[in-house]
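Q: Read in order, the letters of the sequence shown are residues 139 to 610 in the numbering used here. Even glycine gets a Cβ: it sits at the ideal position worked out from N, Cα and C. None of these values were measured; they are calculated from a predicted model. Shown below is the structure under consideration.
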Amino acid sequence: MKAPRTRRQGPYIWFRLFLSLIFVLFLAGGVYSGSLFYFTVKDIVAHAQIPSLPNLHLPIPAVSSSSESGSEPTVVRVDLPDWEKKERVNILLLGIDKREGEHGPWRTDTMILGTIDPESKTAGMLSIPRDLWVPIPGYGESRINSANFIGDRDKYPGGGPALAMKTVEYNFGVPVHYYILVDFDGFEKIIDTIGGIDVNVERTLHDEQYPDPSPDDPNRVKTVHFEAGLQHMDGKTALEYARSRKSTSDFDRSHRQMQIIMAVREQALRLNLIPRVPELMVTLADAVQTDLQPSNIITLARLAGEIEPENIKSVVIDHTMTIEHITPNGAWVLLPIREKIRPVVEELFTSPTPPAPPTPQPQVVPAEQVNRLAQEGAKIVVQNGTPTANLAAQTAAFLKEQGYHVVEFSDADRFDYPQSIIIDYTGKEYTIQSLAELFNVTSENIRRSPNLKSEIDIRLIIGQDFILPTSP
139 MKAPRTRRQG PYIWFRLFLS LIFVLFLAGG VYSGSLFYFT VKDIVAHAQI PSLPNLHLPI
199 PAVSSSSESG SEPTVVRVDL PDWEKKERVN ILLLGIDKRE GEHGPWRTDT MILGTIDPES
259 KTAGMLSIPR DLWVPIPGYG ESRINSANFI GDRDKYPGGG PALAMKTVEY NFGVPVHYYI
319 LVDFDGFEKI IDTIGGIDVN VERTLHDEQY PDPSPDDPNR VKTVHFEAGL QHMDGKTALE
379 YARSRKSTSD FDRSHRQMQI IMAVREQALR LNLIPRVPEL MVTLADAVQT DLQPSNIITL
439 ARLAGEIEPE NIKSVVIDHT MTIEHITPNG AWVLLPIREK IRPVVEELFT SPTPPAPPTP
499 QPQVVPAEQV NRLAQEGAKI VVQNGTPTAN LAAQTAAFLK EQGYHVVEFS DADRFDYPQS
559 IIIDYTGKEY TIQSLAELFN VTSENIRRSP NLKSEIDIRL IIGQDFILPT SP
């Protein structure tokens with residue numbers, strides 16, 4: 139077991155910056171230019187004087203689940219994906235409402251489970267409502283946004299993010315390999331640093347109960363208003379647009395968060411990040427916590443450049459997949475309709491099955507050909523005169539299906555025959571000519587070697603011009 143990481147300074151800062159940007163701009167918002175990230179990181183690593191990295195541990199171990207409240211969890215380790223073997227990678231993005239001067243633990247205001255499948259070149263994200271009422275492994279049922287709070291409060295192995303990861307894994311049936319935790323000050327700073335974003339407000343939004351706590355009045359609220367149409371937003375305004383929920387619903391809020399993320403992506407596409415790196419490093423030094431390793435940066439960047447926008451899917455668990463419910467304690471929550479959530483999860487987090495190759499149709503050999511080949515009864519030997527392995531065996535099997543009498547197949551005396559050759563020993567003309575037509579053997583490559591005492595009638599030597607037919 140190990141305590142949650144608390145590093146905030148030193149060489150850990152430089153790569154946390156890029157991890158957060160890669161995730162927010164690519165995984166949760168669409169494809170960002172992989173080459174831009176790659177050469178940005180490469181340039182900084184090559185030219186900046188960065189101290190030696192500290193000894194970084196493997197990602198936080200997960201914890202086994204238990205249905206009994208208060209039971210002691212046991213530590214188990216989730217098998218991490220092998221990125222080199224192109225295994226699917228799932229990353230949990232946690233957003234917490236951490237404000238200056240406040241002390242945790244905190245509940246998560248945002249939970250998005252992102253996924254990348256390097257093999258099929260697809261990605262996706264699942265937005266999970268914070269009021270979803272689910273089992274918290276080892277702690278009984280509660281809102282899913284309390285998992286991070288409980289984990290930090292109870293000094294759970296790996297802290298709040300570890301329990302949040304395990305809760306998502308337990309309830310949705312998919313492994314969660316890594317996490318990234320961002321506070322809302324960091325969200326604002328990211329957007330301000332890139333010069334703000336342009337968002338198409340789909341319909342007028344008016345909220346008179348937007349939280350605006352102060353040291354003197356933690357319950358203070360204010361009014362926020364957004365007219366429909368294209369709006370330029372700074373970090374504070376974008377956060378208000380993304381978080382407002384009193385006049386609409388959590389589901390609408392999740393949709394607006396997706397809009398914000400896509401707008402961040404569009405703005406980032408217009409920027410060259412290299413001149414802004416020092417500023418971004420300072421900006422995000424205390425805003426991001428993650429268990430991703432430095433070596434994953436370049437891998438994520440390369441993947442970003444390989445995935446087309448149409449291969450990225452996003453889903454919000456909304457009112458069609460939940461039921462409103464009042465708990466015995468009077469809390470309003472959302473009960474998951476698992477039979478509706480399950481297909482969505484399977485679509486997002488299961489690699490597509492490659493299409494099965496077409497089933498070969500039985501080849502119908504003309505009866506006349508079969509009869510004439512049988513009448514001649516020519517004994518055929520097939521020999522492979524090319525470097526292609528198993529070609530003699532494949533050809534022999536094909537010829538047998540066509541009615542030819544193949545008695546042997548093997549390698550030829552050498553493997554550099556440029557053209558196929560037919561050697562005739564006993565004058566079985568019909569078989570000779572049909573083989574020549576089948577394999578496009580020219581007349582000069584039909585060799586006559588009369589030997590009435592030969593145990594075979596025809597020798598077919600496969601050359602490099604040979605093409606195995608797929609139909610008779």
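With a Cβ-Cβ cutoff of 8 Å, do Leu368 and Asp336 count as a contact?
A: In this structure, Asp336 lies closer than 8 Å to Leu368 by Cβ.
Q: List the endpoints of the continuous alpha helix (DSSP H) containing Ile335.
A: Ile335 -> not in any alpha helix (DSSP H); beta strand (DSSP E) instead, spanning Ile335 to Val339.
Q: Go ahead and pull the three-state DSSP assignment for Asn228.
A: In the structure shown, Asn228 sits in a strand (DSSP, three-state: E or B).
Q: Can you name the residues that DSSP bridges to Trp470?
A: Its beta-bridge partners are Ile464.
Q: Any idea if Phe604 is buried or exposed, counting beta-carbon neighbours within 10 angstroms, 16 or more meaning buried?
A: The residue is buried, with at least 16 neighbouring Cβ atoms inside 10 Å.
Q: Output yes or no for whether 8 Å exceeds the beta carbon distance between Ile594 and Val545.
A: Yes, these two residues count as a Cβ contact at 8 Å.
Q: So, under 8 Å CB-CB, Thr564 and Ser592 are touching, yes? Tell me the CB distance rounded to an integer number of Å.
A: At roughly 6 Å, the Cβ-Cβ gap stays under 8 Å, so Thr564 and Ser592 are in contact.
Q: Three-state secondary structure (DSSP) at Gln532?
A: It is helical.
Q: If you run the structure through DSSP and keep just helix, strand and coil, what is Lys360?
A: The answer is strand: DSSP assigns Lys360 an E or B state.
Q: Taking the straight line between their C-alpha atoms, what separation do you get for Asp269 and Glu307?
A: Going by the C-alpha atoms only, they are around 17 Å apart.
Q: How many Å lie between Asp390 and Leu264 at the Cα?
A: Approximately 14 Å, taken between the alpha carbons.
Q: Under the rule that 16 or more other beta-carbon atoms within 10 Å means buried, what is His241, buried or exposed?
A: Exposed is the call here.
Q: Grouping DSSP H, G and I as helix and E and B as strand, with all else coil, what is Val312?
A: Of the three classes helix, strand and coil, the one that applies to Val312 here is coil, per DSSP.
Q: Asp554 to Asn449, Cα distance in whole Å?
A: When rounded, the distance between both Cα atoms is 45 Å.
Q: For Glu484, report the span of its alpha helix (DSSP H) as first-last.
A: That run of the alpha helix (DSSP H) goes Arg476 to Phe487.
Q: To the nearest angstrom, how far is it from the Cα of Gly340 to the Cα of Leu606?
A: With the sequence shown as reference, residue 340 is identified as Glu, and Gly is not the correct amino acid for it. The alpha-carbon atoms of Glu340 and Leu606 are separated by roughly 60 Å.
Q: Using only CA atoms, which one of Leu511, Gly252, Phe322 and Pro299 lies nearest to Ala380?
A: That would be Phe322, whose Cα lies nearest to the Cα of Ala380.
Q: Under DSSP, the alpha helix (DSSP H) around Ile570 begins and ends at which residues?
A: From DSSP, the alpha helix (DSSP H) with Ile570 extends over Glu567 to Phe577.
Q: Which residue from Val482, Phe310, Thr465 and Thr460 puts its Cα closest to that of Leu473?
A: Out of Val482, Phe310, Thr465 and Thr460, Thr460 has the C-alpha closest to the C-alpha of Leu473.
Q: Can you tell me which of the three DSSP states Pro301 falls into?
A: It should be noted that the sequence gives Leu, not Pro, for residue 301. Helix at Leu301.
Q: Just confirm the distance between the C-beta atoms of Tyr317 and Thr428, as a whole number of angstroms; I'd bet it's less than 8 Å.
A: Right, their Cβ atoms sit about 6 Å apart.
Q: DSSP on Val552, reduced to helix/strand/coil?
A: Sequence inspection shows Arg at residue 552; the Val mentioned does not correspond to that position. DSSP places Arg552 in coil when its eight states are reduced to three.
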